[in-house]
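Residue numbers (full-length UniProt numbering), protein chains in the order written: chain A, 1 to 259; chain B, 1 to 349; chain C, 1 to 279.
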């Protein structure tokens, strides 16, 4: 069918809109001057300053600790939950509960956990953020693994049970290997979501040393410098590489699955 | 009425149509027949306006069609998938084209009612397509196409999605409708039986070219090229060179009797084709014929098919006989035919 | 017999850990928030367990109700803009050849996977007084505009952050559409615009609804974007909730605001499900 040339205007406008701010950010990170707004020539000095900033470096470390911790929790519990929901119950209610953290506004989950931690008088810190991130990350892992499960062949599991294996042995020897790509994808998703998560971490970290998104947030509130741009440029590079690598991986996974 | 002249279309390095010329008359039921990928659907889409040819012209009653947008052409297309709008009722689907002509509501309602009556779906007017059977959907698609009273109706594999029983009914229905509304029908099909039973004339396509345009009986009895002889109906083919007496000279079987359709220079490579129902199975001691043994007998109700293994031929010779065959597998026979029933054509093409 | 015992054992082994986690860290906290809405605030934060309707009375106080309505408006404008930009984009992506389709889709999602705060920050740089947009305007001799710290900046930030969530479901809906339906419409005499109005749009309504919900929900409850791009003047429900919990320390009222937030979203979810079923 012929398509109207007019449609290309909003099409390209969308991409310009999505990428222009990012481009400006990156260009300004190489600014030799002091301002984050006016370009005064090329320099890498802000990248150097970045490496010397303890707050940022600690933020990076804390973010990684939280992301690893919550990913481990989410992957283990989410995978078990997905198998349990798909194979051992037909309850719509349990389904809804398992998806709830992914649908609920982050702010609501954040205040709920703040209230709960206050109630049990838990001293806030990185571990309270880890537990909090575990909640929504688990929902995403469970959702991804379930999609994979619904495509998997149940007759293999039935054959295993028929040959005398119990549910646990069947899970370890039959289900888990089949699910592996889904579990890896879910874990990657959980990890990325935790890395970027701000709202829940902001509410549940208390006075402890903050994660990177919180560090950036307070830096911005304090004032803008090209140092933030340099940090932004590095984070952009990391996420872009991760997404494109992930895309490649799923493609390889898919083509293997088709063999 | 519809005149297609030198139309060509290539997609990348695939030639879908290669200089196709056809003329289709007013009120004709015309079929484009060929194997899948032969270009017949591309031609249909060019006529409807969803493809543009690289070269050639298409005119309807002398008016250029190619310069018109698809929605301005007085042509209806019935899609192979029917392409019924799933969110509209049967009546809405049928009214869609009339509403685009901004006809008064009263007239739209009346014409929709009439056409649903014609296709026997008045009772289903307020149903959605998903609630209909395959055959009913096909009727809706047909009703939607003819209600606009187009000058030309194109049908893309109209019966392919139906099961065998419904198919036979719809075949009759299509013929009756065409007779009733008097619109020129052009049907695309890969099913030679469908084309034969429906159409007044058939154009056989192969590799983007028209091999032969003829009436069904002529096409069946006098194929002009090996492709047509092979594609239209079952045929027993014998290669050789044109002989002096009209038949061919076969390397393995010697002289075989036949009638050339066109003048053939003796000695040119030729092909002889005999229909199974023209083959006569004679006693093994008969004076004339090729000796062989019965390989298989299949009973089809009215006719039986007998395959005869003739030494010297890779494929068995197929013979169709009326009623149940009395031969048993392994019986020695001779196959033969009258010179007038075998067609001789030039090989290659 | 042993089969059903196995099933019960399986259900126990697989469901218990995750569900326990969800009950403790999701359902109990939510129940707490819900219960706080009927209690009084403590003098130094916390809660006094005495029933009161005061929180709900405050909610309908114009002072706060206006914030809720203002947030609804901002979220609605954001959703409409995202839809107007997202639909043609998704429509064109769906028509692209296979290879380009993947690239175009990845390019839509890519910014979404970068840090959220960083994406918001980019708009401060663009819109602020000496920022790029004003520098551009200066070239044309236009005086610098007050672009940052207003509702327009909030909407820009929200659209920027959540546009991919609009494009993806729209793309899925448009892609699913049989292209022959559009051809059939043209064949029956409809112009491109009529085909869009009568065939394409009605059949992609579920995608429109899903995308709109995906954009509306995080926009409505947002507090980071209004805080960073909206300045002190523009408050949204999210900011109000944040204030009640982290500075005013009025947890009961904060909880009541959160309940209002959830209520609005529930209404939208139910409405979406209802329309989607009818379409």
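Ideal Cβ placement from N, Cα and C applies to all residues, glycine included.
**Item:** Contacting positions in the segment 95-116 of chain B - beta carbon closer than 7 Å to chain C
**Value:** Result list: 96, 97, 100, 101.
**Item:** Runs of alpha helix (DSSP H) wholly within the segment 171-229 of chain B (minimum 4 residues, chain order)
**Value:** Every unbroken stretch of the alpha helix (DSSP H) spanning 4 or more residues and falling wholly within the segment 171-229 of chain B is given here in chain order: 192-198, 216-221.
**Request:** Kindly say whether residue 226/C, judged by its beta-carbon, lies nearer than 8 Å to any beta-carbon of chain A.
**Result:** Within the third chain, residue 226/C is the residue found at index 226, counting from 1. Answer no: the Cβ-Cβ gap between residue 226/C and chain A never drops below 8 Å.
**Request:** Run down chain C in chain order and give the residues with a C-beta less than 8 Å from the C-beta of residue 148/B.
**Result:** On the second chain, position 148 is the one that residue 148/B refers to. For residue 148/B, the residues of chain C that pass the 8 Å Cβ criterion are 188, 189, in the order they occur in the chain.
**Prompt:** Taking only beta-carbon atoms, is residue 36/C less than 8 Å away from chain A?
**Reply:** Position 36 of the third chain, counting from 1, holds the residue named residue 36/C. Taking Cβ atoms only, chain A reaches closer than 8 Å to residue 36/C, which makes this a yes.
**Request:** Report the rounded CA-to-CA distance for residue 136/A versus residue 34/C, giving the unit in angstroms.
**Result:** Looking up residue 136/A in the first chain gives position 136. Looking up residue 34/C in the third chain gives position 34. As the crow flies, the alpha-carbon of residue 136/A is around 20 Å from that of residue 34/C.
**Message:** Short of 9 Å Cβ to Cβ, which residues in the segment 73-93 of chain C face chain A?
**Reply:** Taking 9 Å as the Cβ-Cβ cut-off against chain A, the residues of the segment 73-93 of chain C that qualify are 84, 85, 86, 87, 88, 89, 91, 92, 93.
**Item:** chain B contact residues for residue 184/C, given Cβ-Cβ distances below 7 Å
**Value:** On the third chain, residue 184/C is found 184 positions in, with the first residue counted as 1. Within 7 Å Cβ-Cβ: 79, 83.
**Asked** By Cβ distance below 6 Å, which residues in the same chain neighbour residue 160/A in space, the five residues on each side in sequence not counted?
**Response** What you label residue 160/A is simply residue 160 of the first chain in a count that begins at 1. Correct list, in chain order: 170, 174.
**Prompt:** Between the Cα of residue 152/A and the Cα atoms of 47/A, 9/A, 86/A, which residue gives the shortest distance?
**Reply:** For the purposes of this step, residue 152/A is identified with residue 152 of the first chain, where counting begins at 1. In this structure, 86/A is the residue among 47/A, 9/A, 86/A with its C-alpha nearest to the C-alpha of residue 152/A.
**Asked** residue 133/C to residue 140/C, Cα distance in whole Å?
**Response** Walking along the third chain from the start, residue 133/C turns up at place 133. Walking along the third chain from the start, residue 140/C turns up at place 140. It is roughly 11 Å from the alpha-carbon of residue 133/C to the alpha-carbon of residue 140/C.
**Prompt:** Using 8 Å as the threshold, is the segment 170-188 of chain C in touch with the segment 67-81 of chain A, meaning 3 or more CB pairs across them?
**Reply:** At 8 Å Cβ cutoff, the stretches do not touch.
**Request:** Pick helix, strand or coil for residue 288/B, following the three-state DSSP scheme.
**Result:** For the purposes of this step, residue 288/B is identified with residue 288 of the second chain, where counting begins at 1. Looking at residue 288/B - three-state DSSP - the assignment turns out to be coil, as it is neither helix nor strand.
**Message:** So if I threshold CB-CB distances at 8 Å, which residues from the segment 180-193 of chain A count as touching chain C?
**Reply:** Flagged, chain order: 192.
**Asked** If you draw a straight line from the C-alpha of residue 79/C to the C-alpha of residue 5/B, how long is it?
**Response** Taking the first residue of the third chain as 1, we reach residue 79/C at position 79. Taking the first residue of the second chain as 1, we reach residue 5/B at position 5. Those two C-alpha atoms are separated by around 53 Å.
**Prompt:** So is residue 207/A buried or exposed if we call it buried at 16+ other beta carbons inside 10 Å?
**Reply:** Numbered from 1 along the first chain, position 207 holds the residue referred to as residue 207/A. With fewer than 16 other Cβ atoms inside 10 Å of its own Cβ, residue 207/A counts as exposed.
**Request:** Tell me whether residue 4/C is buried or exposed, calling it buried when 16 or more other Cβ atoms sit within 10 Å of its Cβ.
**Result:** Counting from 1 along the third chain, the entry for residue 4/C is found at position 4. Residue 4/C sits exposed, since fewer than 16 C-beta atoms from the chains shown fall within 10 Å of its C-beta.
**Request:** Please compile the residues from chain C whose C-beta is within a distance smaller than 7 Å of the C-beta of residue 196/A.
**Result:** Position 196 of the first chain holds residue 196/A. Correct list: 115, 116.
**Asked** Helix, strand or coil: how does DSSP classify residue 263/A here?
**Response** This structure cannot settle anything about residue 263/A, because the visible part of chain A is limited to 1 through 259.
**Helix, strand or coil at residue 258/A according to DSSP, with G and I counted as helix** = Residue numbering aside, residue 258/A sits at position 258 when the first chain is read from its first letter. Residue confidence for residue 258/A is low, a pLDDT of 47 falling below 50, so the modelled location carries little weight; the figure read from the coordinates is stated next. Residue state, collapsed to three classes: helix.
**Prompt:** When you compare only the Cα positions, how much space is there between residue 263/C and residue 121/C?
**Reply:** Here the question's residue 263/C lines up with position 263 in the third chain. Here the question's residue 121/C lines up with position 121 in the third chain. Going from the Cα of residue 263/C to the Cα of residue 121/C covers about 31 Å.
**Prompt:** Going along the chain, which unbroken runs of the alpha helix (DSSP H) with 4 or more residues stay wholly within the segment 155-236 of chain C?
**Reply:** Complete alpha helix (DSSP H) runs here, min 4: 179-187, 192-195, 205-220, 224-229.
**Asked** Mapping DSSP to helix, strand and coil, what is residue 250/B?
**Response** Against the second chain, residue 250/B aligns to sequence position 250. DSSP places residue 250/B in strand when its eight states are reduced to three.
**Prompt:** Under 8 Å between C-beta atoms, does residue 48/B make it to chain C?
**Reply:** To locate residue 48/B, count along the second chain from 1; it is residue 48. Yes, its Cβ sits closer than 8 Å to a Cβ of chain C.
**Request:** For residue 148/A, return the contacting residues in chain C, with the cut-off set at a CB-CB distance below 8 Å.
**Result:** Indexing the first chain from 1 puts residue 148/A at position 148. Those within 8 Å of residue 148/A in chain C number zero; the least Cβ separation is about 15 Å.
**Request:** Taking only beta carbons into account, state which residues of the segment 58-72 of chain B come closer than 9 Å to chain C, listed in chain order.
**Result:** Taking 9 Å as the upper bound on Cβ-Cβ separation, chain C lies near residues 69, 70, 71, 72 of the segment 58-72 of chain B.
**Prompt:** Would you say residue 96/A faces chain C, with C-beta separation under 8 Å as the test?
**Reply:** Here residue 96/A refers to the residue found at position 96 when the first chain is read from its first residue. No, residue 96/A lies away from the interface with chain C (no Cβ there is under 8 Å from its Cβ).
**Prompt:** CB-CB under 8 Å to residue 53/A, same chain, minus the five flanking residues each way: which ones, in chain order?
**Reply:** In the first chain, residue 53/A corresponds to position 53, counting from 1. Cβ neighbours of residue 53/A beyond the five flanking positions: 227.
**Cut-off 7 Å between Cβ atoms - residues of its own chain near residue 293/C, not counting five sequence neighbours on either side** = Here chain C has residues from 1 to 279 only, and residue 293/C is not among them.
**Request:** Using 10 angstroms around the beta-carbon of residue 5/A, count the other beta-carbons present and answer buried if the total reaches 16, otherwise exposed.
**Result:** As a working mapping, residue 5/A is identified with position 5 in the first chain. So residue 5/A counts as exposed.
**Request:** Give me the Cα-Cα distance between residue 146/A and residue 168/B, rounded to the nearest whole angstrom.
**Result:** Reading the first chain from its first residue, position 146 is the one you call residue 146/A. Reading the second chain from its first residue, position 168 is the one you call residue 168/B. Looking at the two C-alpha atoms, the distance is approximately 47 Å.
**Prompt:** Which residues, in chain order, does the segment 204-230 of chain A contribute to contact with chain C at a C-beta distance below 7 Å?
**Reply:** Contact residues of the segment 204-230 of chain A toward chain C are 213, 216, 217, 220, 224, 228 (C-beta to C-beta distance below 7 Å).
**Prompt:** Is there contact here, the segment 198-211 of chain C with the segment 169-180 of chain C, by at least three beta-carbon pairs under 8 Å?
**Reply:** Contact holds between the segment 198-211 of chain C and the segment 169-180 of chain C, because three or more Cβ pairs, one in each stretch, are under 8 Å apart.
**Prompt:** Taking just the CA atoms, how far does residue 21/C sit from residue 65/C?
**Reply:** Start at 1 with the first residue of the third chain, and residue 65/C comes out as number 65. Start at 1 with the first residue of the third chain, and residue 21/C comes out as number 21. About 36 Å.
**Asked** Thinking just about the alpha-carbon of each residue, which of 311/B, 156/B, 100/B, 33/B is nearest to the one in residue 82/B?
**Response** Position 82 of the second chain, counting from 1, holds the residue named residue 82/B. Distance from the Cα of residue 82/B is smallest, within the candidate group 311/B, 156/B, 100/B, 33/B, for 156/B.
**Request:** Measure the alpha-carbon distance for residue 20/A versus residue 36/A and round it to whole angstroms.
**Result:** Along the first chain, read from residue 1 onward, the residue named residue 20/A stands at position 20. Along the first chain, read from residue 1 onward, the residue named residue 36/A stands at position 36. Taking the CA atoms as reference points, residue 20/A sits about 16 Å from residue 36/A.
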